[in-house]
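S.K.: Starting off with a structure, shown below.
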Amino acid sequence: MELFRGVRTILDAIYKAAGVVAALCLVSILGLIVLQMLARWTGMVFIGATDYAGYAMAAASFLAFAYALNHGSHIRVSILLNSVPKRVRWWLEIWCFGIGSAIMWYFAWFGQRFVYWSWKFGDVSQGQDATPLWIPQSVMLAGAVILAIALTDHLVHLIVTGDHRLRRDLVDQSFGE
């Protein structure tokens, strides 16, 4: 059991770190926007600012997925889950986490191939900055892998303990459950 606590601690730290990096990406978008405004006011050009903001937005989105999952921030159709018996609910959640895990591992598999070929061919962005595309794609891939791990983590936890680790969202709490 001590091993599982250690793994749980590491996984929770990874999810939290990804959430923090996602938040830093959002702050970097703000910084880029402010720098671009200052550049315009001074008559200068900030080459690639919009591209970098787009990369930061994609990174923030993908890195935040696992953190959001663990905090009950993803949309769940709990009206169905709340209306069925506990055993049926368990099977429905197994199905959802299983399908979600499979889709994300599939996405991660093809994502790593996408990043590899972008690196191999030397793909660069269309903008003036000519950023190697494998760099922002790698961050997207990291977020996809972390989400795949999180979904698999929840699936295994659900199978072993009979309950998921998701925090209840405000909608579920409003029904007095």
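If you count the sequence shown from 1, you need to add 1383 to reach the numbering used here. Quick reminder that beta carbons are idealized off the backbone N, C-alpha and C, glycines included.
Determine, using beta carbons only, whether A1443 and L1421 come nearer to each other than 9 Å.
M.R.: It is not a contact, given that the beta carbons lie outside the stated cut-off.
S.K.: Using the beta-carbon count (16 or more within 10 Å), is L1549 buried or exposed?
M.R.: So L1549 ends up on the buried side.
S.K.: Can you tell me where the alpha helix (DSSP H) holding V1428 begins and where it ends?
M.R.: Counting along the chain, V1428 falls outside any alpha helix (DSSP H), and DSSP gives it neither H nor E.
S.K.: In the DSSP assignment, find the unbroken alpha helix (DSSP H) run with V1507 in it and report its ends.
M.R.: Unbroken run through V1507: none, as it is neither H nor E.
S.K.: Indicate the three-state DSSP secondary structure (helix, strand or coil) for P1515 in the structure shown.
M.R.: Of the three classes helix, strand and coil, the one that applies to P1515 here is strand, per DSSP.
S.K.: Return helix, strand or coil for V1539, following the three-state DSSP convention.
M.R.: Here V1539 sits in helix by DSSP.
S.K.: Given I1542, which residues of its chain have a CB within under 8 Å of its CB, disregarding the five upstream and five downstream residues?
M.R.: Around I1542: I1477.
S.K.: How about A1447 and A1400: are their beta carbons less than 9 Å apart?
M.R.: No.
S.K.: Where are the alpha helix (DSSP H) runs, 4 residues long or more, that stay fully inside the stretch 1443 to 1499, in chain order?
M.R.: Those alpha helix (DSSP H) runs which fall completely within the stretch 1443 to 1499 and span 4+ residues are 1461 to 1466.
S.K.: For I1486, collect the residues of the same chain with a Cβ closer than 6 Å to its Cβ; drop the 5 residues on either side in sequence, then sort them by chain order.
M.R.: Cβ neighbours of I1486 beyond the five flanking positions: none.
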